[in-house]
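There are 2 protein chains.
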Amino acid sequence: MTTQTRKAREVAEREELLIDLAIEIIEQHGFAQLTMDKLTARSEYSKGTVYNHFSSKEDLWCALCARGLRIQRSMFGKLAQFQGNSREAILALSFGYELFTLCYPTLTMVSLRVMSPAVFEKASPARIKVLSETEDEMVQMLKGMIEVAMDKGELSRRYQDNLYQITFAIWAMSFGSVTIMRNSTPAPCLERIDHDSAVLTNASIVLDGLQWQPYSWEFDYHASWQRIAKEMFADELAQLSQRS
Amino acid sequence: MTTQTRKAREVAEREELLIDLAIEIIEQHGFAQLTMDKLTARSEYSKGTVYNHFSSKEDLWCALCARGLRIQRSMFGKLAQFQGNSREAILALSFGYELFTLCYPTLTMVSLRVMSPAVFEKASPARIKVLSETEDEMVQMLKGMIEVAMDKGELSRRYQDNLYQITFAIWAMSFGSVTIMRNSTPAPCLERIDHDSAVLTNASIVLDGLQWQPYSWEFDYHASWQRIAKEMFADELAQLSQRS
DNA sequence: ACCTGAACACCGTTCAAGT
DNA sequence: ACCTGAACACCGTTCAAGT
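Top to bottom, those sequences are chains X and G.
Sequential numbering from 43 applies to the first sequence in my numbering.
Sequential numbering from 43 applies to the second sequence in my numbering.
Below, the structure written as structure tokens:
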């Protein structure tokens, strides 16, 4: 029994190590260079053992994606403690998602690539389960905030019976804004927008559309955005500005 | 001179043929099965000739993506002629983007996969140029509609000096909504929203947030959505419902 | 029970030889 | 000038043999 749990722990640790190595390979040599061969060579294990962890290359991608979601979830957990009005609480989550993509560009690119039925089909069912559960936890966190605000009457009751609709709108806008900004072809349109505030602006448009009080013209949400950064992620942001 | 243009035309036709074959391969055998080997085998040309068209596999992907953007552009061109108020005109474009993803799921998946610096770096500069120019044409079409409505005072003047910001917000919401709905891991949240109207609802929230008149509670935009479908894409939609 | 690495079929890319 | 296809280095996956 104790040997079994020790063994299981060792296996889990080895998996984390392999994921670390995979990220290293991508960051040093680019996405296309992540191969099972190279991952094996960089580790101290054999191909068979690597395949014991990841049933296929797609499964390895999903494992990287799961790592990313786990990091996102822990950032969200931290941000949920932010003190502010209900709109600021939502903004904190949008901020968190953007910060994640800035701090972990590799993992962000992986998630984008993984998002396709073709990949999910080749990944192990256990892996898929972890992915959707982690994602769902974050969705529930967002939905919880919306629920509280709805009960207090701080936004339009039009979507009252369909809180998932609101959750989806906020989520889609964050995801869409960040993804286009970071990954799209260099379009002239994108050069004309302020990248530092685009996510905040777009989130504000959505929240105004939901009649979420106080409106963007009644409150200084730029100040909130900076406060979130300073109070929640001083360390991460210092590291980030040092890097570039 | 005439021989040269004839030759150029033949080369262009051959390229379209190769792209057709590539789409066939993906649709019949899945994404991972699209290889230069198989594309060559299915065509009546040799590997060298295929590489004469597509400088690398990434370049082939970008060519597929360019085909998709060309189709989108022609749909947008048709939709720009839709008769209605300025908000309905914007909805028509959102409708067009969703319809494209429904009619061409393969090309949609390709565009998602192509969206990454790693791919752009390996594609030929000429291809990248076509991609961003086609995309920009569509952005300009959207921006033109916003401009007209702004001049008529049909939406908030808050973003007057930054029309690209509004363009980006509408674009990001459409892209984000459709991408998450069609490609994300099967999240419980997504099962609870009405897939048929989610894009319309999310676009409406954004337009309400921009104070674009008439508001969603003052006008029957569900009716508009159906009118767009019926008047613009009766054929495509009939084909689509037949397929499933 | 878990690990190893040789073996296999296939893939992306190149380029000397051909027309 | 354009096309061909053999050749090469590498990749994903499997599985008989080993510990």
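No residue lacks a Cβ here, since even glycine has one placed at the ideal position from N, Cα and C.
Spatial distance of residue i from residue j (CA atoms)
i	j	result
Glu100 of chain G	Leu60 of chain X	27 Å
Leu184 of chain G	Ser88 of chain G	42 Å
Glu179 of chain X	Phe96 of chain G	43 Å
Cys231 of chain X	Val181 of chain G	7 Å
Met281 of chain G	Phe275 of chain G	Sequence inspection shows Gln at residue 281 of chain G; the Met mentioned does not correspond to that position. Cα to Cα, the separation comes out at about 10 Å.
Ser283 of chain G	Leu106 of chain G	25 Å
Arg169 of chain X	Ala108 of chain X	8 Å
Val114 of chain G	Ser158 of chain X	Contrary to the premise, residue 114 of chain G reads as Gln rather than Val in this sequence. So the alpha carbons of these two residues sit roughly 21 Å apart.
Asp79 of chain X	Asn204 of chain X	48 Å
Ile67 of chain X	Gln75 of chain X	7 Å
Pro228 of chain X	Tyr257 of chain G	34 Å
Ser226 of chain G	Thr47 of chain G	45 Å
Glu52 of chain X	Ala64 of chain X	18 Å
Arg200 of chain X	Cys104 of chain G	42 Å
Val190 of chain X	Ser85 of chain X	48 Å
Gly164 of chain G	Tyr139 of chain X	What sits at residue 164 of chain G in the sequence shown is Lys, not Gly. Between Lys164 of chain G and Tyr139 of chain X, the C-alpha separation is close to 28 Å.
Met43 of chain G	Glu55 of chain G	Reliability fails at Met43 of chain G, whose pLDDT of 49 lies under 50, so the model's placement of it is uncertain and no value is given.
Thr82 of chain X	Phe137 of chain X	37 Å
Gly36 of chain X	Thr150 of chain X	Outside the shown range of chain X (43 to 286) lies residue 36 of chain X, about which nothing can therefore be said.
Lys49 of chain G	Leu102 of chain G	21 Å
Met293 of chain X	Asp277 of chain G	Lying outside 43 to 286, the shown extent of chain X, residue 293 of chain X is not represented and no answer is given.
Glu58 of chain X	Glu69 of chain X	17 Å
Asp262 of chain X	Ser246 of chain X	11 Å
Ala122 of chain X	Glu273 of chain G	47 Å
Any C-beta of chain X under 8 Å from that of residue i
i	result
Tyr146 of chain G	no
Arg155 of chain G	yes
Ile170 of chain G	yes
Val190 of chain G	no
Gly110 of chain G	no
Lys49 of chain G	no
Ser174 of chain G	yes
Asp178 of chain G	yes
Ala240 of chain G	yes
Ala105 of chain G	no
Burial state of residue i (16 or more Cβ within 10 Å)
i	result
Gly119 of chain G	exposed
Ser153 of chain X	buried
Ser23 of chain G	A question about residue 23 of chain G goes unanswered here, because the residues of chain G that appear run from 43 up to 286.
Arg155 of chain X	buried
Trp259 of chain X	exposed
Arg224 of chain X	buried
Glu177 of chain X	buried
Ala8 of chain X	In the structure as shown, chain X begins at 43 and stops at 286. Residue 8 of chain X is therefore absent and cannot be evaluated.
Gly72 of chain G	exposed
Asn244 of chain X	buried
Gly90 of chain G	exposed
Asp207 of chain G	It is worth fixing the name first, because residue 207 of chain G is Gln in this sequence and not Asp. Burial call: buried.
Minimum Cβ-Cβ distance from residue i to chain G less than 8 Å
i	result
Ala227 of chain X	Per the sequence shown, the amino acid found at residue 227 of chain X is Thr instead of Ala. True, the Cβ-Cβ gap to chain G drops below 8 Å.
Thr209 of chain X	yes
Asn244 of chain X	yes
Phe118 of chain X	no
Ser219 of chain X	yes
Val53 of chain X	no
Arg56 of chain X	no
Ala160 of chain X	yes
Tyr139 of chain X	no
Pro167 of chain X	no
Met187 of chain X	no
Arg234 of chain X	yes
* **Inter-stretch contact (C-beta, 8 Å, three-pair minimum) for the segment 216-223 of chain X and the segment 129-147 of chain X** => Yes: the two stretches touch, three or more of their Cβ pairs being nearer than 8 Å.
* Evaluate contact between the segment 198-214 of chain X and the segment 252-263 of chain X, counting only Cβ atoms and requiring at least three cross-stretch pairs below 8 Å. => Taking a contact to require three or more Cβ pairs closer than 8 Å, the segment 198-214 of chain X and the segment 252-263 of chain X qualify as touching.
* Below 8 Å, can you find three or more Cβ-Cβ pairs linking the segment 119-130 of chain X to the segment 185-201 of chain X? -> Output reads yes: the segment 185-201 of chain X touches the segment 119-130 of chain X.
* **Residues in the segment 246-273 of chain X having any Cβ partner in chain G nearer than 9 Å** => Identification of residues in the segment 246-273 of chain X having a C-beta nearer than 9 Å to some C-beta of chain G yields Ser246, Ile247, Val248, Leu249, Asp250, Gly251, Leu252, Gln253, Ser258, Trp259, given in sequence order.
* Contact the segment 259-279 of chain G vs the segment 234-251 of chain G: 3+ CB pairs below 8 Å -> Contact annotation: the segment 259-279 of chain G touches the segment 234-251 of chain G, with at least three C-beta pairs closer than 8 Å.
* the segment 78-93 of chain G: positions lying closer than 9 Å to chain X by Cβ -> Within the segment 78-93 of chain G, no residue has a Cβ that lies closer than 9 Å to any Cβ of chain X.
* To do: Return the residues of the segment 61-74 of chain G that lie within a Cβ-Cβ distance of less than 8 Å from chain X, sorted by chain order.
  => Listed by position along the chain: Gly72, Phe73, Ala74.
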